[in-house]
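Chains as they are written, first to last, in this note's numbering: chain A, 1 to 155; chain B, 1001 to 1341. Step one of this worksheet: look at the structure below.
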């Protein structure tokens, strides 16, 4: 239902080049606990299983950015919207930059239901039907428009 | 400084396809400019832009100061490149991803130009080179004023090309900066001053333009004539005339009503020949500005930055390959052959 870039945010005084996966080996990344990690550890990128990176997982996003500015981590790996809004809230705009070149990953946002849930198929069908309906009616676009207009204007 | 690192080097020393067989390289030495290199390597000083467009790593840099040691691709002589456009395997009428352009902008986008234009072919190639490429469709709407609003704004189409990027850093409230994301430049376009050959107008530095009368058709961008270090319009340092058409500008130039016409190289050269002014009018060597041509997408698109990343990644790969040069050379050769009729 929505797609976004997962980017690396770094301290301007300690920039990182990221043009290939090997550039990240040996780095310490931060992503809050509870966030997905599948993009950091997949068949063609075993950063965590092969201990190529150190991943810090504090409780909040704010802590990740504080660890970044204090030098405890090399980069915060988070989606562009959450990253940019946290930077703005914390007033770190002049101190932090996005690593240009490439994102860590591209992630789609989905609704999920446990496969063993007795009504799994019905629930997913309800969501998908509703999604199709709001896309057809224009409601989906109105919601996206109002949020993204505000988001980019704030950045 | 160079916007891209000189990754074109690998392309320059490798052996490309048959179309590239005549392509040679030249290593820049002290004192070279693109003008002197064009004269030595192509035998025609006025063809410096052929070298410029064939070396994407140069674009965004200074034409007069090419770093010593830079290895440049020297394009094939006219007529020696193949003329057939590239196939477009990913284009499908009912594809989920759609792009919009218009067919009146040769040699960049034009339905009747080979491959539908140079920029169209660069967009095709960049999409093919992108990570996990997807099918796409190109929609042709010849009224440019419909592209930004409503087509792109209301997501009737996903992306549009080619568009110039205003100076968003100094002018963040410009509507186009507020509403759209811009890709990396597909190609940088050289904007030149066309003047009478009687020597009444020179352009060695910006100071030479103060007090002069410049012409550019109405509706064209003007941001390159009014920048923080060149406040020509806002401080009234030049007289600026904007008639309806490029033909009007060139006719005013011929009759002495304006001192120079400020348009892109291709449009200027085409009009110069078409109106029979090639003896009386010439392009002044120093570029007025360099303007990147971009793909744009609405900031309100649900895949705005992700679509743009895929395109940019494909474009970066393309610029490192022989295919970029091959496309550009082919279109420029066709252009020069055509204008000289």
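Glycine included, every Cβ here is placed at the ideal spot set by N, Cα and C.
What are the residues that DSSP puts in a beta bridge with residue i?
i	result
residue 1231 of chain B	B:1226
residue 108 of chain A	A:3
residue 9 of chain A	A:76 and A:98
residue 55 of chain A	A:29
residue 1074 of chain B	B:1024
residue 46 of chain A	A:41
residue 1088 of chain B	Answer by DSSP bridge pairing: none, since residue 1088 of chain B is not bridged.
residue 1239 of chain B	B:1213
residue 60 of chain A	Per DSSP, none; premise fails for residue 60 of chain A.
residue 1098 of chain B	B:1137
residue 979 of chain B	Examination of residue 979 of chain B is not possible in this model, given that chain B is present from 1001 through 1341 alone.
residue 1105 of chain B	B:1109
Strictly under 8 angstroms for the Cβ-Cβ distance: is residue i near chain C by that measure?
i	result
residue 103 of chain A	No chain C appears in the structure shown, which is made up of the protein chains A and B.
Is there a Cβ of chain B sitting closer than 8 angstroms to that of residue i, yes or no?
i	result
residue 139 of chain A	no
residue 116 of chain A	no
residue 148 of chain A	yes
residue 5 of chain A	yes
residue 106 of chain A	yes
residue 9 of chain A	no
residue 154 of chain A	no
residue 2 of chain A	yes
residue 145 of chain A	yes
Using 8 angstroms for Cβ pairs, my map puts residue i next to residue j. What's the rounded Cβ distance?
i	j	result
residue 1294 of chain B	residue 1165 of chain B	5 angstroms
residue 1301 of chain B	residue 1158 of chain B	7 angstroms
residue 1186 of chain B	residue 1123 of chain B	7 angstroms
residue 1057 of chain B	residue 1047 of chain B	Actually they do not touch by this definition, with Cβ atoms about 19 angstroms apart.
residue 1258 of chain B	residue 1215 of chain B	4 angstroms
residue 1195 of chain B	residue 1284 of chain B	6 angstroms
residue 1297 of chain B	residue 1181 of chain B	5 angstroms
residue 1030 of chain B	residue 1068 of chain B	5 angstroms
residue 981 of chain B	residue 1262 of chain B	There is simply no residue 981 of chain B to check, as chain B begins at 1001 and stops at 1341 in what is shown.
residue 1280 of chain B	residue 1316 of chain B	Contact doesn't hold; Cβ gap of about 43 angstroms is too wide.
residue 1107 of chain B	residue 1335 of chain B	5 angstroms
Taking CB distances under 8 angstroms as the criterion, tell me whether residue i reaches chain A.
i	result
residue 1021 of chain B	The predicted model places residue 1021 of chain B with a pLDDT of 46, which falls under 50 and marks its position as unreliable; any figure quoted below should be read in that light. Judged by the 8 angstroms Cβ criterion, residue 1021 of chain B is not in contact with chain A.
residue 1340 of chain B	no
residue 1003 of chain B	Confidence is the limiting factor: at residue 1003 of chain B the pLDDT is only 35, short of 50, which leaves the residue's position unreliable and the question unanswerable from this model.
residue 1303 of chain B	yes
residue 1309 of chain B	yes
residue 1033 of chain B	no
residue 1175 of chain B	no
residue 1299 of chain B	yes
residue 1313 of chain B	yes
residue 1319 of chain B	no
residue 1306 of chain B	yes
residue 1212 of chain B	no
residue 1047 of chain B	no
residue 1322 of chain B	no
residue 1334 of chain B	no
residue 1331 of chain B	no
Worksheet item: At which residue ranges does the region 1131 to 1209 of chain B contain complete alpha helix (DSSP H) runs of 4 or more residues, listed in the order of the chain?
Response: 1175 to 1179
Worksheet item: Fully enclosed by the region 1265 to 1340 of chain B, which beta strand (DSSP E) runs are 3 residues long or longer?
Response: 1281 to 1283 and 1289 to 1298
Worksheet item: Considering only residues of the region 1108 to 1134 of chain B, which uninterrupted alpha helix (DSSP H) runs meet the minimum length of 4 residues and lie entirely inside it, listed in chain order?
Response: 1118 to 1129
Practice prompt. Could you list the residues in the region 79 to 92 of chain A with a C-beta less than 8 angstroms from some C-beta on chain B, going in chain order?
Written response: 80
Discussion item. At a CB distance below 7 angstroms, what residues from the region 1134 to 1156 of chain B approach chain A? Give them in sequence order.
Written reply: 1155
Item to complete: Could you name each continuous alpha helix (DSSP H) segment of 4 residues or more that falls completely within the region 106 to 155 of chain A, going from the start of the chain to the end?
Response: 120 to 137 and 139 to 154
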